[in-house]
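Structure first, then comments.
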Amino acid sequence: MGEGGAPSRRRRLEGPTLVLATHNEGKLREVAELLAPWGLEVVSAGSLGLPEPAETETSFLGNAGIKAVAAARASGLPALADDSGFSVAALDGAPGVYTADWAETPSGRDYAMAMAKVEKLARHSSDKRAWFSCALVLAWPDGHVEGFLGEAHGEWIWPPRGTNGFGYDPMFVPHGHAETFGEMTPAAKHAISHRAGAFRLLSKACLPAR
Ligand code: IMP
Numbered sequence: 001m002g003e004g005g006a007p008s009r010r011r012r013l014e015g016p017t018l019v020l021a022t023h024n025e026g027k028l029r030e031v032a033e034l035l036a037p038w039g040l041e042v043v044s045a046g047s048l049g050l051p052e053p054a055e056t057e058t059s060f061l062g063n064a065g066i067k068a069v070a071a072a073r074a075s076g077l078p079a080l081a082d083d084s085g086f087s088v089a090a091l092d093g094a095p096g097v098y099t100a101d102w103a104e105t106p107s108g109r110d111y112a113m114a115m116a117k118v119e120k121l122a123r124h125s126s127d128k129r130a131w132f133s134c135a136l137v138l139a140w141p142d143g144h145v146e147g148f149l150g151e152a153h154g155e156w157i158w159p160p161r162g163t164n165g166f167g168y169d170p171m172f173v174p175h176g177h178a179e180t181f182g183e184m185t186p187a188a189k190h191a192i193s194h195r196a197g198a199f200r201l202l203s204k205a206c207l208p209a210r
């Protein structure tokens, strides 16, 4: 597997169908929209009844790889998986691959609580750098994988601002901007987001020329 920018001995997607290794309908919709211009048919691992593997790696690419490889093997089709999260320099990159876990409560995910935890742990440092990461891994049934990493760099702020977006968006101001991801329009966020960055690399390297 190579990351974005690596020399291009890439395998391209040829078939019309791609499995998206997610059980989350929101992600399925988002990726189906990104892939729409290529006319690919996207089906979710959830709708095929594929099991959800444990995410046991310590990197975004590693965890996306686990999900993509498992879905490709089980379905016999190429599969795409993502893994994403929020990292804070003063916390040595935490919460990182544990971003979703930091929001877990017995009654579901609570991102106001998760953001408050980040602020409490990082408030004493003058280093405010933070970034979102998104890994996308495309796997084939024969075990071949292609991986891409997109990042959006900026600073964390407190208190959080904005009601657009989701997750940790309200506490992140990307470099070169005054608004948080939570204050930006979805289109403005998507133009610079970690997910869009990873998808640009993937589409250039592995999707058929349009
Ligand atoms: P995943 O579903 O395992 O990839 O978990 C990703 C975690 O990172 C979730 O807690 C998300 O809320 C958070 N996250 C990922 N991308 C974004 C983003 O664009 N904005 C805000 N939070 C994000």
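The opening position of the sequence shown corresponds to residue 1 in the working numbering, with each subsequent residue numbered one higher. A virtual CB, placed ideally from N, CA and C, is assigned to each residue, including glycine.
request  = Assign PHE166 to one of three DSSP states: helix, strand, or coil.
outcome  = Walking along the sequence shown from the start, residue 166 turns up at place 166. Residue state, collapsed to three classes: coil.
key: Cβ pair count under 8 Å reaching 3, the segment 120-129 against the segment 95-110   = Touching, no, given that fewer than three Cβ pairs across the two stretches are closer than 8 Å.
task = Taking only heavy atoms of the ligand IMP into account, decide whether any of them is closer than 6 Å to the Cβ of THR105.
result = Within the sequence shown, the letter at position 105 stands for residue 105. Every heavy atom of the ligand IMP is 6 Å or more from the Cβ of THR105, so no.
ASP101: CB within 6 Å of a non-hydrogen atom of the ligand IMP = As a first step, residue 101 is located in the sequence shown; it is residue number 101 there, counting from the start. Incorrect: ASP101 has no Cβ contact closer than 6 Å to the ligand IMP.
query = Say the cut is 6 Å; is the CB of GLY167 nearer than that to a heavy atom of the ligand IMP?
reply = For the purposes of this step, residue 167 is taken as the residue at position 167 of the sequence shown. With a threshold of 6 Å, the Cβ atom of GLY167 counts as near the ligand IMP, since some heavy atom of the ligand is closer than that.
message = Nearer than 6 Å: is that true of the beta carbon of GLY85 relative to any heavy atom of the ligand IMP?
response = Here residue 85 refers to the residue found at position 85 when the sequence shown is read from its first residue. GLY85: yes, Cβ under 6 Å from the ligand IMP.
ask   = Is it right to say ALA81 is buried, meaning 16 or more other beta carbons lie within 10 angstroms of its own, or is it exposed?
value = Numbered from its first residue, the sequence shown carries residue 81 at position 81. So ALA81 counts as buried.
ask   = How is the beta strand (DSSP E) around PRO174 delimited, first residue to last?
value = Locating residue 174 in the sequence shown gives position 174, where the first residue counts as 1. Bounds of the beta strand (DSSP E) holding PRO174 are 172-174.
ask   = With which residues is GLU155 paired in a DSSP beta bridge?
value = On the sequence shown, residue 155 is found 155 positions in, with the first residue counted as 1. Per DSSP, ARG129 and VAL173.
query = Within 10 angstroms of its Cβ, does GLY39 collect 16 or more other Cβ (buried), or is it exposed?
reply = Working through the sequence shown from its first residue, we reach residue 39 at position 39. By the 10 Å Cβ count, GLY39 comes out exposed.
ask   = Which one of GLU183, LYS117 and GLU14 has the shortest CA to CA distance from VAL87?
value = To locate residue 87, count along the sequence shown from 1; it is residue 87. For the sequence presented, residue 87 should be read as Ser rather than Val. Looking from the CA of SER87, the closest CA among GLU183, LYS117 and GLU14 belongs to LYS117.
ask   = Can you tell me whether HIS194 is buried or exposed, with buried defined as 16 or more other CB within 10 angstroms of its CB?
value = Taking the first residue of the sequence shown as position 1, residue 194 is located at position 194. By the 10 Å Cβ count, HIS194 comes out buried.
query = Any idea which residues DSSP pairs ARG109 with across the strands?
reply = Here the question's residue 109 lines up with position 109 in the sequence shown. Note: ARG109 sits in a beta bridge opposite GLU104.
query = How would you call PHE60, buried or exposed, if buried means at least 16 neighbouring beta carbons within 10 angstroms?
reply = Here the question's residue 60 lines up with position 60 in the sequence shown. Its Cβ being crowded by 16 or more others within 10 Å, PHE60 is buried.
request  = Would you kindly report the start and end of the unbroken beta strand (DSSP E) that includes PHE86?
outcome  = Stepping through the sequence shown from its first residue, residue 86 is reached at position 86. Counting along the chain, the beta strand (DSSP E) containing PHE86 begins and ends at 79-88.
Reference HIS177; option with closest CA among ASN164, ILE192 and TYR168 = Counting from 1 along the sequence shown, the entry for residue 177 is found at position 177. Answer by Cα proximity: ILE192.
message = So, at 6 Å on beta carbons, what are the nonlocal neighbours of ALA196 in its own chain, with the 5 sequence-adjacent residues on each side left out?
response = Position 196 of the sequence shown, counted from the first residue, corresponds to residue 196. Excluding residues within five positions, the ones whose Cβ falls inside 6 Å are HIS190.
query = How is SER193 classed by DSSP in three states: helix, strand or coil?
reply = Taking the sequence shown and counting its residues from 1, one reaches residue 193 at position 193. Coil, per DSSP.
request  = Check whether the Cβ atoms of GLY154 and HIS175 lie closer than 7 Å to each other.
outcome  = Translated into the one-based positions of the sequence shown, residue 154 becomes position 154. Translated into the one-based positions of the sequence shown, residue 175 becomes position 175. If you check the CB distance, GLY154 and HIS175 come in under 7 Å.
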